[in-house]
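Chemist: If you read the sequence shown in the working numbering, its first letter stands for residue 41, the second for the next number, and so on. Before we start, here is the structure in question, set down as structure tokens.
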Amino acid sequence: MEIKKLNLDYFEDIRAFYRQQIEYLERKEFFYPYQDDDIKNILGGGGIMAAVLDNQKIIGISAIDFDKKYGQILKKIINTYYPHVFNHKVCEYSGVMTRKGYRNQGIAGKLYDYLITSVKDKKDICLCAVVQLENQASLNFFFRRNFRLVSVKRSFDIDFGYLIKFIDRDILIDQSYQKIIHCLDYAQYEKLLSEGYAGVEFFDNKIKLCKIK
Ligand SMILES: CC(C)(COP(=O)(O)OP(=O)(O)OC[C@H]1O[C@@H](n2cnc3c(N)ncnc32)[C@H](O)[C@@H]1OP(=O)(O)O)[C@@H](O)C(=O)NCCC(=O)NCCS
Numbered sequence: 041m042e043i044k045k046l047n048l049d050y051f052e053d054i055r056a057f058y059r060q061q062i063e064y065l066e067r068k069e070f071f072y073p074y075q076d077d078d079i080k081n082i083l084g085g086g087g088i089m090a091a092v093l094d095n096q097k098i099i100g101i102s103a104i105d106f107d108k109k110y111g112q113i114l115k116k117i118i119n120t121y122y123p124h125v126f127n128h129k130v131c132e133y134s135g136v137m138t139r140k141g142y143r144n145q146g147i148a149g150k151l152y153d154y155l156i157t158s159v160k161d162k163k164d165i166c167l168c169a170v171v172q173l174e175n176q177a178s179l180n181f182f183f184r185r186n187f188r189l190v191s192v193k194r195s196f197d198i199d200f201g202y203l204i205k206f207i208d209r210d211i212l213i214d215q216s217y218q219k220i221i222h223c224l225d226y227a228q229y230e231k232l233l234s235e236g237y238a239g240v241e242f243f244d245n246k247i248k249l250c251k252i253k
């Protein structure tokens, strides 16, 4: 297996990979699909997209999208409850998908390490992962990498959580202030996120929030 930065030559393979893997998902809303142009923009230099390949077959893909317009939209959503992202460029950590049959073998983790290394010199980046609030695998994946859930929003009938991480520092939390709520309890999110809490853990359809230091 090898990790490869993808370019436009891979466009059709990428499209086919996502189409097929989305078909296999029990909860299709867990993966918000790319438009063709989004993929082309990232591959054309507006981001970095990497894949784990096994004999040319795509096993997993992840990307960091530098799109400015979308970054501004995300920044606004993040700043609703966490008004501390000023000078940072918000970039979506997106397209995270591992081929069915290859999950839980560290594929998404390998791609994460590769992508983080690729952007480690861009200290002004704030990564944002947009994850459906019941998506256990994905929430766990990001929480274990010190992403913090700082905003939530229901749109297009989908429950979105916004998890962020800075490249140059972690968002520190105080474990002595913690609350556990149902993962879709918007009234509690509204209250706790406004009071300076952030989501840090997911289990049994519940989110643990701790106060940000
Ligand atoms: C989310 C997803 C990409 C994870 O890919 P993966 O290659 O299986 O992930 P890894 O094996 O690298 O696991 C990484 C971490 O996530 C956690 N994880 C993965 N699947 C999990 C599950 N079903 N339940 C709980 N935790 C899970 C693992 O414990 C692991 O933690 P660790 O790194 O501390 O050991 C994969 O489940 C997937 O493709 N899901 C469908 C598409 C999707 O929902 N994408 C996310 C959209 S936001």
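A virtual CB, placed ideally from N, CA and C, is assigned to each residue, including glycine.
#1: Straight-line CA distance for K44 to Y50?
#2: One question on the structure: do A148 and V159 come within less than 7 Å of each other, judged by their Cβ atoms?
#3: Give every residue of the same chain whose Cβ lies closer than 7 Å to the Cβ of D282, excluding the five residues on either side of it in the sequence, and list them in chain order.
#4: Would Y122 count as contacting chain C if we go by Cβ distances under 7 Å?
#5: Quick one, which of G146, I113, I99, L232 has its alpha-carbon nearest N180's?
#6: How big is the Cα-Cα spacing for L93 and K231?
#7: Candidates E241, C250, H222, V171: which alpha carbon is nearest G201's?
#8: Which value, in whole angstroms, describes the spacing of the CA atoms of L167 and K219?
#9: Could you spell out the range, first to last residue, of the alpha helix (DSSP H) harbouring G149?
#10: Who are the near neighbours of N245 in its chain, counting only those whose CB is closer than 6 Å to its CB and skipping five residues on each side?
#11: Would you list, in sequence order, the uninterrupted beta strand (DSSP E) runs of no fewer than 3 residues that lie entirely inside the stretch 175-223?
#12: Could you tell me if the beta carbon of I101 falls within a distance shorter than 6 Å of some heavy atom in ligand 1?
#13: Is I147 near ligand 1, in the sense that its beta carbon is under 6 Å from a heavy atom of that ligand?
#14: Is DSSP giving E66 helix, strand or coil here?
#15: Hey, could you find the ends of the alpha helix (DSSP H) I82 is sitting in?
#16: Give me the Cα-Cα distance between R139 and A56, rounded to the nearest whole angstrom.
#17: According to DSSP, what are the bridge partners of M137?
#18: Classify F243 as buried or exposed, calling it buried when 16 or more other Cβ atoms lie within 10 Å of its own Cβ.
#19: Assign L93 to one of three DSSP states: helix, strand, or coil.
#20: Hey, would you say A169 sits closer than 7 Å to F183, going by beta carbons?
#21: Report, in whole angstroms, the separation of the C-beta atoms of K162 and I213, which I expect to be a contact under 8 Å.
Modeler: Quick answer:
#1: 11 Å
#2: no
#3: Nothing about residue 282 can be read from this structure; the chain reaches only from 41 to 253.
#4: Here there is only one protein chain, and chain C is not present.
#5: G146
#6: 44 Å
#7: V171
#8: 25 Å
#9: 147-159
#10: C223
#11: 188-195, 198-206, 213-222
#12: no
#13: yes
#14: coil
#15: It is not in any alpha helix (DSSP H) - I82 carries neither H nor E in the DSSP assignment.
#16: 12 Å
#17: I101
#18: exposed
#19: strand
#20: no
#21: With 8 Å as the limit, K162 and I213 do not qualify as a contact, their Cβ atoms being about 24 Å apart.
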